[in-house]
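S.K.: To start, I am sharing the structure in question, which I have written as structure tokens.
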């Protein structure tokens, strides 16, 4: 994936196995995430309280993938988040959460 994330659209970028994955919180992506993770408002509140689980974060990231390159699985995405560390992925999470709250 060669396109960079467009922060104006609420997109974030995450590196996984040498690929840049663009995360876009589209309506369809957020509905899918909410179906799995529960209320997005509750998710945002847990994040604000420092109580968002890594599985929830990876779940949100997974559903917000603009495109998924061949060979990238949800498990690999989770491993990449752990490899990068929370400090590296928090800015991506912040972009997505801001988009969820503010919209376009």
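Residue numbers (the numbering used here): 66 to 169.
Using N, Cα and C, we set each Cβ at its ideal position, and we do this for glycine too.
1. Which residues bound the alpha helix (DSSP H) around residue 155?
2. Are at least three pairs of beta-carbons, each pair with one atom in the stretch 127–138 and one in the stretch 90–98, less than 8 Å apart?
3. Report the partner residues of residue 74 according to the DSSP bridge assignment.
4. Under a three-way DSSP split, which group does residue 95 fall into?
5. What are the residues that DSSP puts in a beta bridge with residue 80?
6. Taking residue 131 as part of the alpha helix (DSSP H), name the residues at either end of that continuous run.
M.R.: Checking against the coordinates, here is how it stands:
1. For this step, residue 155 is matched to residue 90 along the chain shown. Element bounds for residue 155: 151–167.
2. yes
3. In the chain shown, the residue the question calls residue 74 occupies position 9. Its beta-bridge partners do not exist; DSSP assigns none.
4. By one-based count along the chain shown, residue 95 stands at place 30. In the structure shown, residue 95 sits in a helix (DSSP, three-state: H, G or I).
5. Position 15 of the chain shown, counted from the start, is the residue given in the question as residue 80. Paired residue(s): 85.
6. Position 66 of the chain shown, counted from the first residue, corresponds to residue 131. No alpha helix (DSSP H) contains residue 131, which DSSP labels as neither H nor E.
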